[in-house]
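Structure, as structure tokens:
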Amino acid sequence: EYARHVEGLSATTLDGSPLEVEKVAKNRWVIRGESEQIVLRYRLYARELSVRTNFVDADIAALNGAPTFFVPVEAETLSHDIQIEGPEAWGDCITALQNIEGDGRRFFAPDFDTLVDSPIICGEAEVTTIEAGGVEHRLATFGGHGVFDQERAARDVTRIIEEQHAFWGVIPYPSYTFLNLLMESGGGLEHRASTMVLGSRWDTHDDDEYRGWLSLISHEFFHTWNVKRLRPEALNHFDYEAENYTRSLWIVEGITSYYDDLLVRRAGLMSEEDYLGILTKTIGRLQETPGRGVQSLSQASYDAWIRFYRPDENSRNAAISYYRKGAIVAWLLDARIRRATGGAQSLDDLMRAAYERFSGDEGYTTESFRALANEIAGEDLSAFFERNVDSTEELDYEEALAVFGLRFAPVSEDEPEAFLGARLGEDHGRTLVQGVVAGSPAHQAGVNVGDELIAFGEERIPSDIDVALSRIRPGDEVELLVARRGRLRRLPLTLGEGPSDAYRVERRPGATTQQSRTRAAWLGAEESSASAPREAVQ
Numbered sequence: 001e002y003a004r005h006v007e008g009l010s011a012t013t014l015d016g017s018p019l020e021v022e023k024v025a026k027n028r029w030v031i032r033g034e035s036e037q038i039v040l041r042y043r044l045y046a047r048e049l050s051v052r053t054n055f056v057d058a059d060i061a062a063l064n065g066a067p068t069f070f071v072p073v074e075a076e077t078l079s080h081d082i083q084i085e086g087p088e089a090w091g092d093c094i095t096a097l098q099n100i101e102g103d104g105r106r107f108f109a110p111d112f113d114t115l116v117d118s119p120i121i122c123g124e125a126e127v128t129t130i131e132a133g134g135v136e137h138r139l140a141t142f143g144g145h146g147v148f149d150q151e152r153a154a155r156d157v158t159r160i161i162e163e164q165h166a167f168w169g170v171i172p173y174p175s176y177t178f179l180n181l182l183m184e185s186g187g188g189l190e191h192r193a194s195t196m197v198l199g200s201r202w203d204t205h206d207d208d209e210y211r212g213w214l215s216l217i218s219h220e221f222f223h224t225w226n227v228k229r230l231r232p233e234a235l236n237h238f239d240y241e242a243e244n245y246t247r248s249l250w251i252v253e254g255i256t257s258y259y260d261d262l263l264v265r266r267a268g269l270m271s272e273e274d275y276l277g278i279l280t281k282t283i284g285r286l287q288e289t290p291g292r293g294v295q296s297l298s299q300a301s302y303d304a305w306i307r308f309y310r311p312d313e314n315s316r317n318a319a320i321s322y323y324r325k326g327a328i329v330a331w332l333l334d335a336r337i338r339r340a341t342g343g344a345q346s347l348d349d350l351m352r353a354a355y356e357r358f359s360g361d362e363g364y365t366t367e368s369f370r371a372l373a374n375e376i377a378g379e380d381l382s383a384f385f386e387r388n389v390d391s392t393e394e395l396d397y398e399e400a401l402a403v404f405g406l407r408f409a410p411v412s413e414d415e416p417e418a419f420l421g422a423r424l425g426e427d428h429g430r431t432l433v434q435g436v437v438a439g440s441p442a443h444q445a446g447v448n449v450g451d452e453l454i455a456f457g458e459e460r461i462p463s464d465i466d467v468a469l470s471r472i473r474p475g476d477e478v479e480l481l482v483a484r485r486g487r488l489r490r491l492p493l494t495l496g497e498g499p500s501d502a503y504r505v506e507r508r509p510g511a512t513t514q515q516s517r518t519r520a521a522w523l524g525a526e527e528s529s530a531s532a533p534r535e536a537v538q
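All residue numbers for the sequence shown refer to the working numbering, where the first residue is 1 and numbers rise by one.
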């Protein structure tokens, strides 16, 4: 629906004679006239900062191909000559496209697929060249403003590149560009020879934020193999005017989400404690999502267009993320393959075998991928996939925990906090309900999205509702006063217990030698540490 930003479209002959233009669909126009060559002119509104859209101001132009360029119908094989004109402050533009005659603002794309798969960024950039595997990589940072530690980032990105080269055993591109836009935003999108990631210039100044940035880089770079070349059959030949459906996004995104942090760990940029903390958080968030009992992993993939990409206040109750659950199922699958083969094979081997077998023109189907998994594991995994991918049954973590010598830590005996079960937001001093968790105390009491929370009993709710909840014990019966469309309502409510740390993953005391060896093979070197922060480097 990118055509919503097109304005003032007109067409002329080469000598300027106007041609008739008629819009015949939301993204199609018919141009009528005798000329075989036309000049098409149009304006684009470009103020949406994301990895899929366009953003332009006096300092920077971040252009994606799909929302920018027209192409004649059924002419996707035409080549493109792109010339960028703009303020001097933009400087040279950076893209994975081929440069023409050394002009920093002129590029060539051999076909439409390449054009729309190659973002173009124009603006002041700090560019570091990285040589890895005999191939040139560029880390181009926009908006660092001397705050972002480019030297540290380039050093650590090099380690991620090398780790992933070793993982896949093949380098499928002649060069690669990391487009690092630090515009106090977030997100990333993979391309065949580049990626665009959004972040903050302060990311290198906070350990957690920096680990997140490294994981984002790792995630998008892993996609260079897993989806840009190793693809589900349904994504191997794009229909640019309709949704492309597949039940395999858990492989595309879930397995990639599993490996993004894991390969940062194996590259020595994250401690084991940090990694197990991330695994804990991922499991906990899934288990706190009621939608896990409503939508299966394969359904989540197939319905991505109408659910994942269009979330609302009920999404948590009706759907799951194929990123999050997919990552956990990838972990379970990794453990199953290691157990079945006595540690001789793993998910690593399955992904490499899938790349070798399916990264050609046809791609893989659900059936062919699962058949290969059976082959690698040496046993029938049908029941595994039916339960964990195709059904809404609860996941069983015990096998994976045992294989890797882990356990869920004993639950704290501290008194649990009171739990309401409503996602809240603040609007001009009012506490408003933005979402209600299915089955929660708020849901049972009849709290609605849009309600303003005013008081528990006779006590007005402070701006920080956690203060009010800290004064109430789980199981207490209270009266909740809310305003709904301007009218007051009193709702009897019984508070529940807050989420516990029941899914905190830690090393299993007394783990066997085999379990310890498997964990070491899974996580990499025993001693790992992130590269030195700015202060230590200086």
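Glycine is no exception: its CB is placed at the ideal position from the N, C-alpha and C atoms.
Stretch pair the stretch 337-348 + the stretch 207-225: three plus CB contacts closer than 8 Å: no
DSSP three-state assignment for residue 395, whether helix, strand or coil: coil
C-alpha gap between residue 283 and residue 407, whole angstroms: 13 Å
Validate contact between the stretch 391-398 and the stretch 327-343 using beta carbons, cut 8 Å, 3 pairs: yes
Status (buried if at least 16 other CB within 10 Å, exposed otherwise) for residue 137: buried
Residue 522, buried or exposed, once every other Cβ within 10 Å from all chains shown has been counted against 16: buried
C-alpha distance - residue 445 paired with residue 286, whole-angstrom precision: 24 Å
Residue 274 (DSSP reduced to helix, strand or coil): helix
Limits of the beta strand (DSSP E) - the one that residue 196 falls within: 194-199
Residue 535 versus residue 206 - alpha carbon distance: For residue 535, the pLDDT reaches just 39, beneath the cut-off of 50, and the residue's location in the model is therefore unreliable, leaving the point undetermined.
Close Cβ partners of residue 75 (< 8 Å) along its chain, the five nearest in sequence each way excluded: 112
Cβ neighbour criterion (16 or more within 10 Å) applied to residue 289: buried
Inter-residue spacing [alpha-carbon to alpha-carbon] between residue 184 and residue 390: 38 Å
Assigned secondary structure, residue 172 (DSSP; H/G/I helix, E/B strand, else coil): coil
Per-residue burial, residue 202 [other beta carbons within 10 Å of its own, 16 or more giving buried]: exposed
CA nearest to the CA of residue 458, picked from 428, 443, 490: 490
Residue-chain proximity (residue 452, chain D), Cβ-Cβ < 8 Å: Protein chain content of the structure displayed is limited to a single chain, and chain D is not contained in it.
CB contact flag (residue 255, residue 179, <8 Å): no
Proximal residues to residue 418 (C-beta, below 8 Å), its chain only, five neighbours per side dropped: 469, 470, 472, 473, 474, 476, 495, 496, 497, 498
Run of the alpha helix (DSSP H) containing residue 213, from where it starts to where it stops: 207-222
Minimum C-alpha distance to residue 420 - residue among 241, 461, 197: 461
Helix, strand or coil at residue 499 [DSSP, three-state]: coil
Continuous alpha helix (DSSP H) assignments of at least 4 residues falling wholly in the stretch 416-452: 441-445
Whole-angstrom distance between residue 403 and residue 514, CA atom to CA atom: 9 Å
Helix, strand or coil at residue 118 according to DSSP, with G and I counted as helix: coil
Close-in-space but distant-in-sequence residues of the same chain around residue 55 (CB under 7 Å, 5 per side omitted): 46, 47, 48, 49, 62
Same chain only: Cβ atoms within 6 Å of residue 359, ignoring 5 sequence neighbours per side: 229, 230
Helix, strand or coil at residue 382 [DSSP, three-state]: helix
When 264, 226, 240 are compared against residue 248, the one with the closest alpha-carbon: 226
Limits of the unbroken beta strand (DSSP E) element including residue 228: No beta strand (DSSP E) holds residue 228; DSSP gives it neither H nor E.
Alpha-carbon spacing of residue 269 relative to residue 241, whole angstroms: 41 Å
Burial state of residue 426 (16 or more Cβ within 10 Å): exposed
Simplified DSSP state of residue 64, which is helix, strand or coil: coil
The alpha helix (DSSP H) enclosing residue 328, as first and last residue numbers: 324-340
Classification of residue 190 by the beta-carbon crowding that lies within 10 angstroms, buried from 16 upward: buried
Distance CB(residue 409)-CB(residue 506) smaller than 8 Å: yes
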